[in-house]
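What follows is a short report on a single structure.
Number of protein chains: 2
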Amino acid sequence: MGGIIQATEQEAETGKPQGTGTQTLLRGLALLECVAAGVGDVKGIAARLGTPRSTTHRMLVSLVAEGYLHHIPYKGYLLGPKLIQLGMKALEQRPLVAVARPHIEALAQATGDTVHLGVEDKGEVFYLDKIPGTRGLEMRSRTGQRMPIASTGLGKALMLGMVPARWMALHALLSSPDAPADRPRPADWPQFEKQMNDYVAQGWAKDLEENELGIRCVSAPVRDGRNLVVAAISVASAVPYMPDDRMATLGPLVRATADAISKDLGWIAP
Amino acid sequence: MGGIIQATEQEAETGKPQGTGTQTLLRGLALLECVAAGVGDVKGIAARLGTPRSTTHRMLVSLVAEGYLHHIPYKGYLLGPKLIQLGMKALEQRPLVAVARPHIEALAQATGDTVHLGVEDKGEVFYLDKIPGTRGLEMRSRTGQRMPIASTGLGKALMLGMVPARWMALHALLSSPDAPADRPRPADWPQFEKQMNDYVAQGWAKDLEENELGIRCVSAPVRDGRNLVVAAISVASAVPYMPDDRMATLGPLVRATADAISKDLGWIAP
DNA sequence: GCAAAATGTCCCACTATTTGGAAACATACG
DNA sequence: CGTATGTTTCCAAATAGTGGGACATTTTGC
């Protein structure tokens, strides 16, 4: 074997500096994500993971045996039922979802619009729950999805609990050149900061088509017993349903709902 | 009786006879299920998996780093956001057709009749798949075709998962004057409602030439991980092959097949 | 407040576990 | 009917994982 061995070639892409000590497990998880991304053929998976066919196949068999993957012989691999099961369980386990449910359901009914519940996770907004609106219009958002913080209503509500120093960093993320063009351009920093300060003062935030054209929303932060912002809720709808005066009316209502959830989490109003 | 086979002495418990060759991966997955079961403390997990603290902790760190677990220091571990993400992805990624195929093929072979798979789409039944019967008679139905919900076997199975309020609307569609005359007249509402309630009670539905003269069928709903009706299957044949007593026999069989598909979709029997 | 009990974190020599090349066989596709 | 891709098994080599232990940190019970 006189070849030059390209020992580790996986430090470039996603940046995984952690050389932890559970290679097989990590590879298996990467495999799951690979299938989640739509790569369902052995060859593609092997190529993407950088593992030989033999090794790849061994993991595939194990994952199928455990129900994490679904196998259609000579066709490909798909995410399996066990993942659906665990996903549902994960939602239940999070006390936040269970606690917030009745409140956001009431809010959805009162407003007729789509209501979201989300938390911050790794610098993004993570959608934990969604109650569809009754106006028949469809929203692209989905439970389990991720979105930028600084452009979404939920995200800005989360930012109300952060120090202004982080505002700038999060805002910069969206202004950077690698931000995809399919999203409306964010306001420039001075204006953005001014808006944020207004939101802090009133205790709720707005999203004026900054994440998706045609969609406006009103949001407010949820706090826990330590008075830290742990989540946010938002009411979203199409622009025609969200004129300025309605947003002004909705604001306090959304905030009241968020506060009610907060109280259920042990928060005490100052 | 001679020949008491004590094949393997440890496949009694969880039933994992396969000692495959991916120990670390399997352990990690077992760990996830352990947390899913509500065991969130290191000691408990280690005890349950039979791994030393050191090893357990190493896996926990990796799983947390990858987002499969959520960690609250000195409090415990919960299923993480990645699992929510993958679970949702699994739900949408699953092509019903592929999952249902083997089951409906088996059903077609067992009955000798035409088997259909369909979903609701825009207020109609949309045929996703069809296995032709072996009796030589041709059925007009085709994959990709649309039919009214309230007059087809598939449709009525789909209706088993709807609130009765929608039954009336769907029934009304067929009774309206603009319903073409090439279709048999539907039963009047009180009778229709009574039938539907019977179908709900037994878990499967019938179509007595209501969609096409001379064709009868037996159908049952397919549910997903959230216990929502996402599809339906039906066994259809010409009247001479479908006397009342055979339909009564077929009902439970069709329902069992539908349930088997449901389980593959993550559904758990109540 | 303090001490006991758990948990989080790191180290390292040993070896069981995983690796991956290869080759045979099955199935799909054109 | 041939080629490409997927499925399965084998096995020697060595890498990757193991688990015991020590120590820092935090919670909990008293």
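Protein sequence lines, in the order shown, are assigned to chains A and B.
The working numbering puts the first residue of the first sequence at 118, with every later residue one more than the last.
The working numbering puts the first residue of the second sequence at 118, with every later residue one more than the last.
The beta carbon of each residue, even a glycine, is placed where N, CA and C say it ideally should be.
Within 9 Å of any Cβ in chain B, is that where the Cβ of A:L382 sits?
no
In chain order, which continuous runs of the alpha helix (DSSP H) of length 4 or greater are located wholly inside the stretch 230-309 of chain B?
270-276 and 281-292
What span of residues does the beta strand (DSSP E) with A:A373 cover, start to end?
Looking at the DSSP string, A:A373 is not in any beta strand (DSSP E); the run it does join, the alpha helix (DSSP H), is D361 to D381.
Note down, in chain order, all residues in the stretch 155-189 of chain A with a beta-carbon under 8 Å from any beta-carbon belonging to chain B.
G155, R175, M176, V178, S179, L180, A182, E183, Y185, H187 and I189
Assigned secondary structure, B:R333 (DSSP; H/G/I helix, E/B strand, else coil):
strand
Please classify A:G204: is it buried, with 16 or more other beta-carbons within 10 angstroms of its beta-carbon, or exposed?
buried
Contact the stretch 337-348 of chain A vs the stretch 232-241 of chain A: 3+ CB pairs below 8 Å:
yes
Could you work out which residues of chain B lie near A:M78, taking near to mean beta carbons separated by less than 8 Å?
Outside the shown range of chain A (118 to 387) lies residue 78 of chain A, about which nothing can therefore be said.
From what residue to what residue does the beta strand (DSSP E) around B:A353 run?
V346 to A355
Indicate whether at least one CB of chain B lies closer than 9 Å to the CB of A:R218.
no
For A:E326, which option in A:S292, A:R218, A:V317 and A:P303 has the closest C-alpha, if you only look at C-alpha atoms?
A:P303
When you compare the CB positions of B:P387 and B:N344, do they come within less than 9 Å of one another, or not?
yes
Straight-line Cα distance separating A:R211 from A:P369
26 Å
Whose C-beta lies closer than 6 Å to the C-beta of A:I121 among residues of the same chain, with five residues either side of it excluded?
The predicted model places A:I121 with a pLDDT of 27, which falls under 50 and marks its position as unreliable; any figure quoted below should be read in that light. No residues qualify anywhere along the chain.
DSSP on B:R144, reduced to helix/strand/coil?
helix
Can you tell me whether A:A129 is buried or exposed, with buried defined as 16 or more other CB within 10 angstroms of its CB?
Note that A:A129 has pLDDT 33, beneath the 50 cutoff, so the model's placement of it is unreliable and no number is given.
Quick one: residues in its chain with C-beta nearer than 6 Å to the C-beta of B:S336, no 5 flanking neighbours on either side, listed in chain order?
G270, L271, A274, A322, A349 and S351
Beta carbon proximity, B:Q140 to chain A, threshold 9 Å:
yes
How about A:A108: is its C-beta nearer than 9 Å to some C-beta of chain B?
Given that chain A is displayed from residue 118 to residue 387, the structure contains no residue 108 of chain A and the question cannot be resolved.
For A:P134 and A:I221, I'd like the C-alpha separation in whole angstroms.
Residue placement at A:P134 cannot be trusted, given a pLDDT of 42 that sits under 50; the coordinates are not used to answer.
Ordered along the chain, which non-local residues of its own chain (more than five positions away) have a Cβ less than 8 Å from that of B:H187?
V181, Y194, L195, L196, G197 and P198
Under a CB-based cut-off of 9 Å, is A:L143 close to chain B?
yes
Report yes or no: do the stretch 155-170 of chain A and the stretch 158-174 of chain B share at least 3 C-beta pairs separated by less than 8 Å?
no
Of the residues A:D341, A:G229, A:V339 and A:R333, the one placed nearest A:V356, counting alpha carbons only
A:R333
Once DSSP output is grouped into helix, strand and coil, what is the label at A:Y194?
strand
Contacting residues, own chain, Cβ-Cβ under 6 Å from A:T137 (five flanking each side not counted):
none
So, using beta-carbon positions, are A:R218 and A:T172 closer together than 9 Å?
no
Neighbour list for B:T260 in chain A, Cβ cutoff strictly below 7 Å
Neighbours of B:T260 on chain A: none; closest Cβ ~18 Å, over 7 Å.
Could you check whether the Cβ of B:L149 sits closer than 9 Å to any Cβ belonging to chain A?
yes
In terms of alpha-carbon separation, which member of A:P249, A:L149, A:R257 and A:A267 lies closest to A:E399?
What is shown of chain A runs 118 to 387, which leaves residue 399 of chain A out entirely.
Within chain B, the residues that A:F309 reaches when beta carbons sit closer than 9 Å
The premise fails here: A:F309 is roughly 27 Å from chain B at the closest Cβ pair, so nothing lies under 9 Å.
Closest Cβ-Cβ distance between A:E130 and chain B: below 9 Å?
Note on A:E130: pLDDT 34, under 50, position unreliable in the model; the coordinate value appears next. Chain B contact via Cβ: absent.
Sequence-distant residues of its chain with Cβ nearer than 6 Å to A:R363 (five each side left out)
none
So, are the CB atoms of B:I385 and B:G342 less than 9 Å apart?
yes
Would B:Q262 and B:Y244 qualify as a contact pair, given that the criterion is a beta-carbon distance under 9 Å?
yes
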